[in-house]
Amino acid sequence: DTGVSQDPRHKITKRGQNVTFRCDPISEHNRLYWYRQTLGQGPEFLTYFQNEAQLEKSRLLSDRFSAERPKGSFSTLEIQRTEQGDSAMYLCASGTQDSPTSGTQYFGPGTRLLVL
Amino acid sequence: SQQGEEDPQALSIQEGENATMNCSYKTSINNLQWYRQNSGRGLVHLILIRSNEREKHSGRLRVTLDTSKKSSSLLITASRAADTASYFCASSRYGQNFVFGPGTRLSVLP
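As they're listed, the protein sequences go chains A and B.
If you use this note's numbering, the first sequence closes out at 293, no skipped numbers anywhere.
If you use this note's numbering, the second sequence closes out at 382, no skipped numbers anywhere.
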């Protein structure tokens, strides 16, 4: 257990529905990342927050995807009008800006999404 | 953009043998990390090596970094069945722009 939690752990939804995932990072971490991972592949970067500011978004993040980190603590990732191609594991990670450990990410267990 | 690529994609060895995995990236970095992922689980950080370091050890793990070749290797010595997992490298600059490769799937047979 890294201290990063994600909820829910599993989500099954029908195509066209909206889904929202939550990530609670390690409390003192000011950086928060979202990734998507499909079977047999490495994590693909989606977006990154430093405190409450969303500093980077991947081109993979279509306009159906939105992420927030309103108070610089937990974050939510929403997918609107889900498609079958959205089926994947969604991973959250947190980290710090401190020099000795900058670059280390602590991952949550992931939310596995299945779109029927 | 940076691109981590691990090699080989799959590796099968006997318990007690050493396992070596390689990683390449395309642009300049501040550091490179290796992670392990057990099937269906989140990633676990193993080791971080900075761009000004050439080699780092942690227990049975040894990581090397060659910035001139933009490559890194992960050596697991005296492997155990519990080392069976996928291993990923991730390169970054200033804690941003993380790029993961497709990973090496390691199977350690008892």
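Glycine included, each C-beta is placed from N, C-alpha and C at the ideal position.
Query, Result
"Partners in chain B for Tyr210/A, counting only beta-carbon separations shorter than 8 Å", "Phe370"
"Ser354/B - partner residues in DSSP beta bridges", "Looking at the sequence itself, residue 354/B is Ala, so the reference to Ser does not match. Bridge partners of Ala354/B: none, in fact."
"Listed by chain order, chain A residues near Arg313/B by CB distance under 7 Å", "Pro286"
"Reference Asp338/B; option with closest CA among Pro382/B, Gly288/B, Ile301/B", "Ile301/B"
"Where Asp263/A falls: helix, strand or coil (DSSP)", "helix"
"Length of the line joining the Cα atoms of Gln274/B and Val371/B", "Unreliable placement is indicated for Gln274/B, whose pLDDT of 35 sits below 50; no coordinate value is reported for it."
"Short CB-CB distance (under 8 Å) between Pro374/B and chain A", "yes"
"Proximity to Gln309/B [Cα-Cα], best of Pro382/B, Arg377/B, Thr336/B", "Arg377/B"
"Min CB distance Phe222/A to chain B below 8 Å", "yes"
"Range of the contiguous beta strand (DSSP E) that encloses Ser296/B", "291-296"
"Three or more C-beta pairs below 8 Å linking the region 277-285 of chain B and the region 313-323 of chain B", "no"
"Contact set for Thr215/A: own chain, Cβ-Cβ below 6 Å, skip 5 residues either direction", "Ala265"
"Segment limits, beta strand (DSSP E) that includes Leu209/A", "208-214"
"CA nearest to the CA of Arg246/A, picked from Thr190/A, Gly285/A, Tyr210/A", "Tyr210/A"
"Validate contact between the region 288-297 of chain B and the region 341-351 of chain B using beta carbons, cut 8 Å, 3 pairs", "yes"
"CB contact check: Gln231/A to chain B, cutoff 8 Å", "no"
"Pair within 8 Å by beta-carbon distance, Pro374/B and Gln282/A", "no"
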